[in-house]
DNA sequence: GTTGAGCGTT
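In the UniProt record's numbering, the protein residues as written are 1 to 344.
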């Protein structure tokens, strides 16, 4: 018959009573329902003062000596080793000296906190948007929020819909404020409104970007994001020397930084600007451009048009225009250059 | 009003 087992998240914390199965064993999934991400239990052995682990087999925890008794058990969570617990993407080969992506701090303001390098790396691991697959058609942003907030504070909830009908496409995105929330969330499946849903790091976050460029590509811009918004937002990471938004609206932009390091450090990240989650990636094209400048390595010719003076690139307005052609190890984005009509 | 693998109006 069912026993109730006292379990606390940390020792001396207030315990929660968790039901066993009829045979006395405890499903890890039952445990995880109260303590998301939990993978085991331990308890203090009164004889030695040491912690003792509870036996785990096939997703079931078994009571020591056959009875759970009146111990207060303590939840065991997976060690925070991202390489093991999280499906890593290729964008993590280097340490990012970023205290937290989510509060958007950068080098220069992190010297005082975070003593050990190892801790630092863990704490600094960035939160990305997470894709939630398999949502019920009726699930809303509010439903996502109320479900996922048990893992921690949320910075974004989004259900993707058909623009015309508003009908859900059955998936959405969430983003946590803290990386441990993200880890816990990724470690399990989710029952949302009667359906099992999967949470993953979206494939669209893959960043196999080639090296150094001061210009980054800002994807998923919404129409209400202006050049000033972008400049004001990104200035906190380093000096912004150009912002380019195509007209008419094309849902992307370019931001150029003075320091290529800054540009590179932002690649692969998601940022929330004017309530929209935008994605930063290298301004180099994913595929070689078609046509004249094409090369097998994706490099090509970049044609720049701009006014003289501050060197910040394309601007509008009157005045003399300088046309320059620069051979560079940068590819051409097709979006970059419908310029034939202007070269007169 | 239906559906059930996917990847966000480059």
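The C-beta atom is built at its ideal place from N, Cα and C for all residues, glycine as well.
To the nearest angstrom, report how far apart residue 292 and residue 247 are at their CA atoms.
-> The pLDDT assigned to residue 292 is 37, lower than 50, so where the model puts this residue is not dependable; a value taken from the coordinates is nonetheless given after this. For residue 292 and residue 247, the distance between alpha carbons rounds to 24 Å.
By Cβ distance below 7 Å, which residues in the same chain neighbour residue 2 in space, the five residues on each side in sequence not counted?
-> Residues of the same chain with a CB within less than 7 Å of the CB of residue 2, apart from the 5 flanking positions on each side, are 19, 20 and 22 in chain order.
Counting along the chain, where does the alpha helix (DSSP H) carrying residue 265 start and finish?
-> 260-266
Whole angstroms is fine: what's the gap from residue 13's alpha carbon to residue 190's?
-> 26 Å
If we ignore side chains and look at the alpha-carbon of each, how far apart do residue 67 and residue 183 end up?
-> 32 Å
Segment contact flag, the region 214-222 with the region 273-281, C-beta cutoff 8 Å, min 3 pairs | yes
Cβ-based burial, residue 70 [other Cβ within 10 Å; buried from 16] = exposed
Cutoff 8 Å; reference residue 28; Cβ partners in own chain excluding five residues on either side | 38, 39, 40, 56, 59, 60 and 61
Report the residue ranges of all alpha helix (DSSP H) runs contained in full by the UniProt domain "RRM" (214-285); include only those spanning at least 4 residues, in chain order.
-> 227-234 and 260-266
Any contact of the region 255-269 with the region 237-245, i.e. 3+ C-beta pairs under 8 Å?
-> The answer is yes - the region 237-245 touches the region 255-269, with three or more Cβ pairs under 8 Å.
Distance, Cα to Cα, residue 152 vs residue 224?
-> 29 Å
Close Cβ partners of residue 52 (< 8 Å) along its chain, the five nearest in sequence each way excluded = Annotation for residue 52: 42, 43, 44, 45 and 64 place their beta carbon closer than 8 Å to its own, counting only its chain and skipping 5 residues before and after.
Integer Cβ distance of residue 130 from residue 192, believed to fall under 8 Å | Not quite, the Cβ-Cβ distance comes to about 13 Å (not below 8 Å), so this is no contact.
By how many angstroms is the C-alpha of residue 126 removed from the C-alpha of residue 176?
-> Roughly 10 Å separates the two Cα atoms.
Euclidean distance between Cα positions of residue 179 and residue 133 | 20 Å
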